[in-house]
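These notes are about the structure you will find just below.
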Amino acid sequence: MVELYHSDCRKILMFYTEYRPQKFNELIGADHIISAITGALAKGLPAHAYFFYGSRGIGKTTTARLLAKALNCENPTNSPSFEPCGKCQSCLSIYNGNHLDLIEIDAASNRGIENIRDIKENVVLAPSMGKNKVYIIDEVHMLTTEASNALLKLLEEPPTHAYFILCTTNPEKVIDTIKSRCQQFQFKRPTINELKQKLLKIAKDKRFEITEDQIQKISKSAKGAYREAETLLEQLINGNSNVIGDMFETNSDYKYLGEMILNSDVASAIEHINKVYTDGNNLEVWTEKYISYLRGLLLAKVGVKNLSGEFLDQDDGFMKKASLDLIQKMVKRFTQALFEFKTAIIPTLPLEMALIDLLIENIPDEKPVSSAPLEIPVVSRDFPYKKLIEAVKPHNHSIYLILYSCDVQSFDGKYLTLVAYYSFHKERVMSMKVKDIIQAEAEKLIGSPVVLKCELSDKKLDAKKLTDKNLKSVKEPMDIEEVFEKVFGDDMEES
Ligand SMILES: [Zn+2]
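For the sequence shown, our numbering assigns the number 4 to the initial residue and increments by one for each residue that follows.
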């Protein structure tokens, strides 16, 4: 919807429409595109087909309508560069959205071959009121294959009075043969400064005193889209100062959850998610935003300072305290949750499961290991287990072999928990002397004290699998009988 009506039927325009640039020189941050287009217009040689691509709300259709205006203007100026007059009947009709020769098609809802056939029948007719017929096809990637091929035919031999402007957020989904018939322009997200410029201009025009802080917050929150920024500013000017508060609210919401995750407080984290839900939030949307927030932290954490149009908070408290590994796991696990919403019986369940997965992993593990699925041995990537085995070897050859038949269950920087599949292995590993050797060697590897724990799995790996695994892991060739005897024999000596 581009227009709103008050109860008194006085037509008002939304900011995004009201402040839609009406001249090429009002477009911010698209200089290379504008100079190419106006240059061709000035020479009287505009292309018959254009392909505009880039993300939402950054000026593709605005530029397309300006181009349509320029192609039909009765008194265009050419100094210093080509501009439509903005005053002739044609310009005014386009501004008011009722020009008969500007045909806008939303391909998302008009995807089929019959829609392109309609254009084909219509395009040959002479323009009704202007010089040229202009077709803007938005979200052109949504057309069916049949429709795309029909469109291609149209682009190959357009009548001289017909111009096509194809817009899309997904250029890779448009067939190459269509793209190659068009002059292609990529629209970039505006930078924070470009957004600020635009907001200041509107605020000044509306005689609204906006603080630097408000401008800054709206620019950051708009995530590189003019449309989003202008909608937020409009709400603010219309007296909804909560719009700024809401931005804070969402953020403090995340920060609160972050604290609970850092404290491994799974119960409070789940209660919080349920509160978010009962407060009336759509959890799917909430999760999308949360993932986007986490992504920002992840990028900031690895040192990315500047993304065009995006703000990366370098001072986020959660980012500073959480490990890169944890944030990465959170992004992965919450993304998985996003796919689970569709089939969830209880709306909060996907997030609850995600939190349990994430937090139980972080708690030093006290639960009996028998409940964990251990069919496929889990080896912690963080702990150099093979190096430990090699380091233990000079002390005690049989322990070295027993360690090969165990797995690392977890390592949290201090507690190293192994899983043994046989009780006598566990007893051996945890006997005081052996335990001391393992802990001492582990400390040398990690550089800080390590406390060894060993859990017994109730799942027995079958002997074949275990032997294969052992032999694969051992560098030097070894006699299979010897391995069996040493690992499973009862006659092991104390070192
Ligand atoms: Zn005009």
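Just so you know, even glycine gets a beta-carbon here, dropped at the ideal spot from N, CA and C.
Distance CB(residue i)-CB(residue j) smaller than 8 Å
i: Pro198; j: Gln217; result: With the sequence shown as reference, residue 198 is identified as Leu, and Pro is not the correct amino acid for it. Taking 8 Å as the Cβ cut-off, Leu198 and Gln217 do not qualify as a contacting pair.
i: Phe190; j: Lys308; result: no
i: Ser222; j: Ile205; result: no
i: Pro24; j: Leu69; result: yes
i: Leu362; j: Ile264; result: yes
i: Ala43; j: Ala52; result: no
i: Leu327; j: Lys390; result: no
i: Glu149; j: Ile116; result: yes
i: Gly32; j: Pro193; result: yes
i: Thr2; j: Ser82; result: The shown model of the chain, from 4 to 498, leaves out residue 2, and the question about it has no answer.
i: Ser93; j: Glu77; result: yes
i: Ile119; j: Ala153; result: yes
i: Leu86; j: Asn173; result: With the sequence shown as reference, residue 86 is identified as Glu, and Leu is not the correct amino acid for it. Contact: no.
i: Ser151; j: Ile181; result: yes
i: Tyr296; j: Tyr257; result: yes
i: His164; j: Met132; result: no
i: Glu26; j: Gly89; result: At residue 26 the sequence reads Lys, which differs from the Glu that was named. Yes.
i: Val395; j: Glu446; result: no
i: Val269; j: Ile359; result: yes
i: Thr66; j: Leu30; result: yes
i: Phe344; j: Gln186; result: no
Distance cut-off 7 Å: residue i Cβ against heavy atoms of ligand 1
i: Lys90; result: yes
i: Pro87; result: yes
i: Glu77; result: yes
i: Ser93; result: yes
Integer-rounded CB distance, given that residue j should sit under 8 Å from residue i
i: Ile122; j: Leu157; result: 7 Å
i: Val411; j: Leu419; result: 7 Å
i: Leu74; j: Tyr138; result: Leu74 to Tyr138, Cβ: 11 Å. No contact.
i: Tyr56; j: Thr171; result: 5 Å
i: Ala2; j: Thr290; result: With the chain covering only 4 through 498, there is no way to say anything about residue 2.
i: Ile402; j: Val437; result: 5 Å
i: Val126; j: Lys134; result: Actually they are not in contact, since the Cβ atoms of Val126 and Lys134 sit about 15 Å apart, beyond 8 Å.
i: Ala71; j: Ile97; result: 6 Å
i: Asp141; j: Asp104; result: The pair is not a contact, with the Cβ atoms about 17 Å apart (cut-off 8 Å).
i: Leu286; j: Thr351; result: 7 Å
i: Ile440; j: Val432; result: Actually they do not touch by this definition, with Cβ atoms about 10 Å apart.
i: Tyr388; j: Glu233; result: Not really, about 56 Å apart at Cβ, beyond 8 Å.
i: Phe544; j: Asp385; result: No information on residue 544 is available, as it lies outside the stretch 4 to 498 that the chain covers here.
i: Leu155; j: Arg184; result: 7 Å
Spell out a yes or no on whether the region 189–204 and the region 221–239 are touching, meaning 3 or more CB-CB pairs, one atom from each, closer than 8 Å.
yes
Decide yes or no for the touch test of the region 351–358 against the region 274–288: beta carbon pairs closer than 8 Å, at least 3 of them.
yes
Any chance the region 315–327 sits against the region 296–307, with 3 or more Cβ pairs inside 8 Å?
yes
Check whether the region 415–431 and the region 444–459 are in contact - that is, three or more C-beta pairs closer than 8 Å.
In short, these stretches touch, since the Cβ pair count reaches three.
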